[in-house]
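Working notes for the structure below.
There are 2 protein chains.
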Amino acid sequence: MPKDFIVDLVEGVQKKKSHVCVGLDPDFERIPGHIKEMAINEYGPNRRAIGEAFLNFNREIIEAVKDSVAAVKLQIAFFEEYGHWGLKALEETISFAHHKKLLTILDIKRGDIGSTAAAYSRGYLGGVNFWYGVKKKVFNADAVTLNPYLGKDSVEPFLREMEENKKGAFVLVKTSNPGSKDIQDLRLESGELLYEKVAMMVNNWGEYLVSEKVPYSQLGAVTGATFSGAAEKLRDLMPKSYLLVPGYGAQGAGPEDVIPFFNEDGLGALINASRSIIFAYEKDSYPDQHQWAARQAVEKMRTDINSALKKAGRLAWD
Amino acid sequence: MPKDFIVDLVEGVQKKKSHVCVGLDPDFERIPGHIKEMAINEYGPNRRAIGEAFLNFNREIIEAVKDSVAAVKLQIAFFEEYGHWGLKALEETISFAHHKKLLTILDIKRGDIGSTAAAYSRGYLGGVNFWYGVKKKVFNADAVTLNPYLGKDSVEPFLREMEENKKGAFVLVKTSNPGSKDIQDLRLESGELLYEKVAMMVNNWGEYLVSEKVPYSQLGAVTGATFSGAAEKLRDLMPKSYLLVPGYGAQGAGPEDVIPFFNEDGLGALINASRSIIFAYEKDSYPDQHQWAARQAVEKMRTDINSALKKAGRLAWD
């Protein structure tokens with residue numbers, strides 16, 4: 622079967638009974654010392670060693686959480702800040718996740734004019750131009766996040782690659798940070814808040830990409846768990862959009878906060894936590910127990926969300 | 622003298638009598654054949670060869686235009702799509718531009734929550750964390766472009782790096798693409814268009830970064846030349862912001878369109894053209910004359926804009 626992001630996501634969620642997505646946001650200062658030392662011993666104190674430490678750390682986290690999640694999210698900024706050595710580690714992390722049969726959501730939040738958006742969509746979702754018409758995959762992520770500020774023609778090149786390659790994307794609607802109020806919460810003359818208007822656009826843009834196998838579109842939305850009060854309205858405005866919900870854990874949201882982001886079918890929301898899972902070892906275990914600590918943390922999050930869903934009468938299985 | 626982006630920009634514009642910025646947007650299909658062949662002969666048909674061809678092409682364009690412009694703009698998407706090999710070429714292009722005493726504006730259009738924005742700002746403008754508190758510069762661009770959709774706390778980490786390292790940034794206000802109307806032109810309850818409201822925010826955010834040496838802030842804005850009708854209002858709302866004005870040339874705007882983006886002092890707008898300069902050779906000269914063609918095209922653009930400014934009584938020199 623060829624990969625089909627939204628179908629594979631729904632199937633993976635149901636098979637693993639998990640709405641959790643783990644964010645791989647490596648932070649050099651917080652990676653266990655022995656992983657860093659190994660890399661420095663091999664390559665010296667340079668960016669190559671940092672990339673190597675990121676890759677090894679990610680591999681170990683992936684091994685620890687792979688049975689508890691359908692997808693991992695990679696925040697590209699934490700790789701990108703180390704330049705080409707960081708990006709090399711990112712490319713290899715995505716390959717490794719695929720090898721472990723995990724879907725990869727690449728958190729790029731890109732948004733640019735058409736010709737530039739086409740370059741991003743070729744690189745992240747499709748294939749880039751080589752010579753004599755040959756195309757090659759570079760990052761080959763299964764889905765990306767997108768910023769809507771530049772409008773529909775900045776999203777269209779991604780929609781085309783998504784259609785051709787059965788990939789996914791999540792457009793930023795209401796983000797999890799406090800400052801999201803500055804622009805996203807502005808009241809429009811037509812009565813809605815800006816983010817509500819963007820939600821309507823996302824719903825329209827993604828309508829033709831609703832799967833025939835599951836009741837969801839390849840085009841989803843990012844809606845912060847930290848604004849639980851907006852969830853019901855957003856859910857109504859985008860019934861066919863899978864919601865990528867960041868802000869659980871380190872940013873403060875808990876299991877009850879994420880329930881209203883789910884549809885009645887008990888699906889439709891993928892809840893992301895990053896630092897609270899991957900650096901769980903910092904809390905009460907030893908650095909060499911980082912895998913065990915991450916697995917405990919992700920399993921707790923998985924069961925906490927499922928319990929809250931059950932209480933709300935929206936558990937998709939059992 | 623330590624580098625100071627906004628001061629160096631104004632001085633460079635005046636010294637070179639040029640408001641032009643050349644966009645280095647490499648496109649593998651359009652790079653002269655002999656440059657590609659050399660790279661493939663050396664490395665084989667792979668991404669490393671593409672990165673090498675990008676770097677060599679950029680070097681030659683930089684040599685051709687360096688006396689006619691104060692700054693070059695690098696659209697990161699065209700490097701990024703080729704993954705870590707593309708980013709390596711980008712890092713080396715920035716170094717080469719600095720060696721030729723050109724300012725570099727890295728067109729990244731990033732916007733993310735605080736902790737992630739901090740990673741981007743360390744990587745692109747400041748220094749990244751190594752070990753034992755050591756920081757190292759990675760991209761070391763002189764300025765970047767930013768997307769405002771996530772609000773002030775997504776811009777603040779950049780403002781801090783800008784203050785500390787005397788760097789610059791340009792926030793997207795009204796972009797040059799047709800789809801910019803979808804969201805940026807929405808009318809707010811308070812009466813303004815969304816992009817006008819964003820312009821006011823940019824003016825406020827950048828107020829404390831107005832230079833003591835020139836009447837401009839380190840925080841500028843991106844305003845598309847293709848929406849010349851909005852220029853006067855935008856200029857009024859952001860009197861101290863340097864405007865980065867894309868859309869000249871391939872996107873359709875000409876010298877008269879960009880005049881209203883300038884202040885009365887004949888400064889305040891940096892006009893960018895990318896494809897119409899770097900691929901000028903495609904029009905009527907041979908592939909091995911790409912440097913000559915680029916130089917002709919940038920000189921024509923420089924004098925066309927200066928003539929239009931003179932006619933409007935806003936030429937900053939002689």
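Which chain is which? The protein sequence lines are A and B, in order.
All residue numbers for the first sequence refer to this note's numbering, where the first residue is 622 and numbers rise by one.
All residue numbers for the second sequence refer to this note's numbering, where the first residue is 622 and numbers rise by one.
All C-beta atoms in this analysis are idealised placements derived from N, C-alpha and C, irrespective of residue type, glycine included.
For G800/B, the residues of chain A that pass the 9 Å Cβ criterion are I734, G735, L771, G772, K773, D774, S775, V776 and E777, in the order they occur in the chain. C-alpha of V843/B to C-alpha of L645/B: approximately 17 Å in a straight line. In this model, F760/B and M859/B are separated by some 29 Å (Cα to Cα). Taken in chain order, the complete alpha helix (DSSP H) segments of 4 or more residues contained in the segment 718 to 757 of chain B are 735 to 745. At least one CB of chain A lies nearer than 8 Å to the CB of M822/B. Distance from F626/A to Q910/A at the Cβ level is roughly 34 Å; contact not present, criterion being Cβ atoms closer than 8 Å. Every alpha helix (DSSP H) stretch that sits fully inside the segment 870 to 911 of chain A and reaches 4 residues is listed by chain position as 876 to 879, 896 to 899 and 902 to 905. Secondary structure at Q839/B: coil, using DSSP grouped into helix, strand and coil.
Counting C-beta pairs closer than 8 Å gives fewer than three between the segment 868 to 884 of chain A and the segment 660 to 677 of chain A, which falls short of the contact rule. With its beta carbon less than 8 Å from one in chain B, G704/A belongs to the interface. Nearest to D728/A by C-alpha distance, out of A739/A, K756/A, E702/A and I697/A, is I697/A. Boundaries of the beta strand (DSSP E) around F791/B: G789 to K795. Pairing M821/A with K758/B, the inter-Cα distance amounts to about 42 Å. Three or more beta-carbon pairs separated by less than 8 Å are not found between the segment 930 to 939 of chain A and the segment 768 to 787 of chain B, which leaves the two stretches without contact. R669/B sits in a helix when the DSSP states are folded into three classes. Residue F699/B holds the alpha-carbon nearest to the alpha-carbon of I652/B among S811/B, E632/B, F699/B and Y664/B. At least one C-beta of chain A is nearer than 8 Å to the C-beta of W752/B. In chain A, no part has a C-beta under 7 Å from the C-beta of P653/B; the shortest such distance is about 14 Å. Of all residues in the segment 659 to 688 of chain A, the ones placed with a Cβ closer than 7 Å to any Cβ belonging to chain B are P666, in chain order. A check of alpha carbon separations from R731/A across V792/A, W752/A, A685/A and G754/A identifies V792/A as the nearest. Comparing alpha-carbon positions, the option among R916/A, G654/A, P908/A and I671/A lying closest to G707/A turns out to be I671/A.
For V819/B, the chain A residues whose C-beta falls within less than 8 Å of its own C-beta are I804, listed in chain order.
V759/B sits in coil when the DSSP states are folded into three classes, being neither helix nor strand. Taking C-beta atoms as the reference points, L815/A and I804/A count as a pair closer than 8 Å. For the pair Y902/A and A918/A, the Cα-to-Cα distance works out to about 9 Å.
Interface with chain A (8 Å Cβ-Cβ cutoff): E828/B is excluded. Its Cα nearest to that of G889/B, the residue L936/B stands out among E777/B, E810/B, I656/B and L936/B. Classified as buried, D629/A has 16 or more neighbouring CB atoms from the shown chains inside 10 Å of its CB.
Put simply, of I734/B, A762/B and N662/B the residue whose alpha carbon is nearest the alpha carbon of P778/B is I734/B.
Rounded to the nearest angstrom, the gap between the Cα atoms of N927/B and S639/B is 8 Å. For the C-beta of R743/B, the chain A residues within less than 8 Å are, from N- to C-terminus, E702. R808/B has a beta carbon lying within less than 8 Å of a beta carbon in chain A. Note that the C-beta distance between P836/B and E853/B is not below 8 Å. In this structure, DSSP gives G654/B a helical state, which the three-state scheme calls helix. Cβ-Cβ distances below 6 Å link A846/A to V866, G868, Y869, A874, D878 and V879 in the same chain, with the five nearest sequence neighbours on each side left out; the list follows chain order. According to DSSP, R923/B shares a beta bridge with no other residue.
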